[in-house]
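Just so you know, the sequences run in chain order A and B.
The opening residue of the first sequence carries number 1 in UniProt numbering; numbering runs sequentially from there.
The opening residue of the second sequence carries number 1 in UniProt numbering; numbering runs sequentially from there.
C-beta: ideal position from N, C-alpha, C; glycine also.
These numbers come from a predicted model, not from an experiment.
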Amino acid sequence: MSTSTSLSDAAVHNGFVMTERDRELILATQAGLPLVSDPWAELGTKLNMDADEVLSRFQTLQDAGVIRRVAAVPDHYRLGYRYNGMTVWDIADDRIAELGAVIGELPFVSHCYRRPRHLPYWSFNLFAMVHGTTREEVEDKAAQIRAVLGDACRQHTILYSSAILKKTGLRLRK
Amino acid sequence: MRLDQTDQQLINHFQRHLPVCERPYLEMSRQLGISEQEVIERLQSLQSHDVVGRVGPVFEHSQAGASLLAAVAAPEEQMDLVAARINRAPGVNHNYAREHTYNLWFVMTAPDYELLEEHLDELEQELKLPMLRLPMVEGYHIDLGFDIDWEALS
């Protein structure tokens with residue numbers, strides 16, 4: 001059984017239809033772009049395409065939203081952010097859209113999502129991920145979030161990560 | 001690895017987006033005021049030290065099928081066993097131990113929601129632990145990184 005995700009079943013979106021050539025390009029770039037002066041030409045040699053075609057397909061995948069962004073993604077843990085706190089908040093339903101947007105805009109929040117409650121086991125409906133070099137730094141950031149939320153927040157807690165047991169990016173099935 | 005100011009600038013400028021154009025590293029080098037070759041060498045070095053995971057596309061998960069955050073409360077003495085079973089389950093790409101009653105948090109992916117539910121049901125039966133299933137209802141800020149405080153890190 002494959003442990004990866006297939007893009008083929010979601011190949012049609014935003015009016016964009018993914019072709020076999022696009023899939024080949026995704027496979028060739030999902031571990032990263034070649035670090036050479038003309039990465040598109042190098043990919044083209046591998047994929048038997050012109051450099052122009054590689055670049056324009058790549059841009060089309062980006063425009064269609066298959067590629068969310070292209071970046072040099074840092075490993076925060078390696079940079080020294082040893083503390084990863086998943087802060088979770090119980091927010092009044094009628095305030096969550098407005099407040100979620102505000103919390104998501106805070107410069108130190110890396111992810112911010114609304115998720116369902118599972119009462120009585122789980123009452124938190126807003127998740128905001130924060131990172132710090134120390135626990136105090138994470139707590140200080142959580143306190144800043146708390147201040148923004150005010151009386152719309154009924155309770156909250158921080159779930160620190162104690163070990164990363166698995167972390168892999170999205171991989172296309174070969 | 002010690003990062004100098006140029007490495008820091010490189011990460012600050014391009015951790016969210018880098019230019020998708022004919023000569024991306026040349027374009028980056030212009031923005032940083034260094035040569036194209038130096039950009040390439042610095043990226044290679046950052047990558048080989050695992051400071052930068054990859055230089056390239058981040059795929060949109062929701063367009064690649066279904067994914068879901070789930071959690072279980074594993075008895076302390078069974079943590080390793082339960083974690084190993086979760087890691088073996090199809091489509092699990094993240095699994096974090098966290099300090100809480102719900103102590104294992106993982107993301108499972110599948111080509112569609114039907115299959116995802118099936119795989120989660122199977123895992124839940126295998127683990128014999130109730131599973132919190134927490135699909136994203138709305139995203140307010142989706143994995144765009146955050147501003148790095150280099151002074152705090154130094």
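Inset, instruction - Could you tell me the boundaries of the beta strand (DSSP E) in which A:Trp89 lies? - result: For A:Trp89, the enclosing beta strand (DSSP E) stretches over residues Tyr83 to Ile91.
Legend entry - Three-pair Cβ contact test at 8 Å for the segment 86–103 of chain A versus the segment 72–83 of chain B: Note that the segment 86–103 of chain A does not touch the segment 72–83 of chain B; fewer than 3 beta-carbon pairs, one per stretch, sit closer than 8 Å.
Inset, instruction - Quick one: give me the first and last residue of the beta strand (DSSP E) that B:Thr109 is part of. - result: It spans Leu104 to Ala110 - the beta strand (DSSP E) in which B:Thr109 sits, taken as one unbroken run.
Legend entry - 6 Å CB neighbourhood of B:Leu69 in its chain, flanking five on each side removed: Here the set comprises Val107 and Leu134.
Legend entry - Buried versus exposed call for A:Val12 [16 or more other C-beta atoms within 10 Å across all chains shown]: No answer about A:Val12 holds up, because its pLDDT of 46 lies below 50 and its placement is not dependable.
Legend entry - With 16 other Cβ atoms within 10 Å as the buried cut-off, status of B:Ser29: Here B:Ser29 is buried, its C-beta having at least 16 other C-beta atoms within 10 Å.
Inset, instruction - Using a Cβ-Cβ cut-off of 8 Å, state whether B:Gly145 counts as contacting chain A. - result: Closer than 8 Å to some Cβ of chain A, the Cβ of B:Gly145 qualifies, so yes.
Inset, instruction - Give a yes or no on whether the minimum CB-CB distance between A:Ala152 and chain B is below 8 Å. - result: It does not: the Cβ of A:Ala152 has no partner Cβ on chain B nearer than 8 Å.
Legend entry - Within 8 Å, strictly: CB atoms of B:Leu43 and A:Leu35: The answer is yes: Cβ separation under 8 Å.
Inset, instruction - Taking B:Ala83 as the reference, give the member of B:Ala97, B:Pro90 and B:Pro130 with the closest Cα. - result: Cα-wise, what sits closest to B:Ala83 is B:Ala97.
Inset, instruction - Just mark A:Gly104 as buried or exposed, buried being the case when its beta carbon has 16 or more other beta carbons within 10 Å. - result: A residue is called buried when at least 16 other Cβ atoms come within 10 angstroms of its Cβ; A:Gly104 meets this threshold and is buried.
Legend entry - Residues that DSSP places opposite B:Asn95 in a beta bridge: Beta-bridge pairing links B:Asn95 to A:Lys166 and B:Phe106.
Legend entry - Partner residues on chain A for B:Glu99, Cβ-Cβ distance less than 7 Å: Here the neighbours are Leu159, Tyr160 and Ser162.
Legend entry - Within-8 Å CB hit, B:Arg2 to chain A: Chain A, which has no Cβ nearer than 8 Å to the Cβ of B:Arg2, makes this no.
Legend entry - Where the segment 123–139 of chain B meets chain A: residues whose CB sits under 9 Å from a CB there: Under the 9 Å Cβ criterion, the segment 123–139 of chain B contributes Pro130, Leu132, Arg133, Leu134, Pro135, Met136, Val137, Glu138 and Gly139.
Legend entry - Cβ-based burial, A:His111 [other Cβ within 10 Å; buried from 16]: The residue in question, A:His111, is buried, as its Cβ has 16 or more Cβ neighbours within 10 Å.
Inset, instruction - Would you mind telling me which residues of chain B sit closer than 7 Å to A:Val138, beta carbon to beta carbon, in chain order? - result: For a Cβ distance threshold of 7 Å, nothing in chain B lies close to A:Val138: the least Cβ distance comes to about 12 Å.
Inset, instruction - Just grab the DSSP bridge partners of A:Met49 for me. - result: Note: A:Met49 sits in no beta bridge, so no partner.
Inset, instruction - Could you tell me if B:Ser154 is buried or exposed, where buried requires 16 or more neighbouring beta carbons within 10 angstroms of its beta carbon? - result: It is exposed - the Cβ of B:Ser154 has fewer than 16 other Cβ atoms within 10 Å.
Inset, instruction - Verify the CB distance criterion: does B:Leu81 have a CB-CB separation below 8 Å to chain A? - result: Chain A contact via Cβ: absent.
Legend entry - Length of the line joining the Cα atoms of B:Gln5 and B:Tyr140: Their backbone Cα atoms lie some 31 Å apart in a straight line.
Inset, instruction - Consider the Cβ of A:Val73: report whether some Cβ of chain B lies at a distance smaller than 8 Å. - result: Yes, its Cβ sits closer than 8 Å to a Cβ of chain B.
Inset, instruction - Please classify A:Arg115: does DSSP put it in a helix, a strand, or coil? - result: Note: A:Arg115 maps to coil in three-state DSSP.
Inset, instruction - For the segment 44–64 of chain B, enumerate the residues whose C-beta is nearer than 9 Å to any C-beta of chain A, in chain order. - result: Of all residues in the segment 44–64 of chain B, Gln44, Leu46, Gln47, His49, Asp50, Val51, Val52, Gly53, Arg54, Val55, Gly56, Pro57, Val58, Phe59, Glu60, His61, Ser62, Gln63 and Ala64 have a Cβ within less than 9 Å of some Cβ in chain A.
Inset, instruction - Report yes or no: do three or more beta-carbon pairs, one from the segment 40–52 of chain A and one from the segment 92–100 of chain A, lie closer than 8 Å? - result: Not touching, per the Cβ criterion.
Legend entry - Contacts that B:Arg23 makes with chain A (C-beta to C-beta distance below 8 Å): Chain A residues near B:Arg23: Ser37 and Asp38.
Inset, instruction - Using beta-carbon positions only, say whether B:Val51 and A:Pro74 come within less than 8 Å of one another. - result: It is a contact, given that the beta carbons lie within the stated cut-off.
Inset, instruction - Within the same chain, show all residues whose beta-carbon is closer than 7 Å to that of B:Met1, passing over the 5 residues directly before and after it, in chain order. - result: Sequence-distant Cβ neighbours of B:Met1 in its own chain, meaning closer than 7 Å and more than five residues away, are His49 and Val51.
Legend entry - Partner residues on chain B for A:Gly100, Cβ-Cβ distance less than 7 Å: Listed along chain B are Glu138 and Tyr140, each with a C-beta nearer than 7 Å to that of A:Gly100.
Inset, instruction - Check whether the Cβ of A:Met86 lies closer than 8 Å to any Cβ atom in chain B. - result: A:Met86 belongs to the set of residues whose beta carbon lies under 8 Å from a beta carbon in chain B.
Legend entry - Any alpha helix (DSSP H) of 4 or more consecutive residues that is wholly inside the UniProt domain "Siroheme decarboxylase NirL-like HTH" (7–51) of chain B: Here the runs fully enclosed are 24–32 and 36–48.
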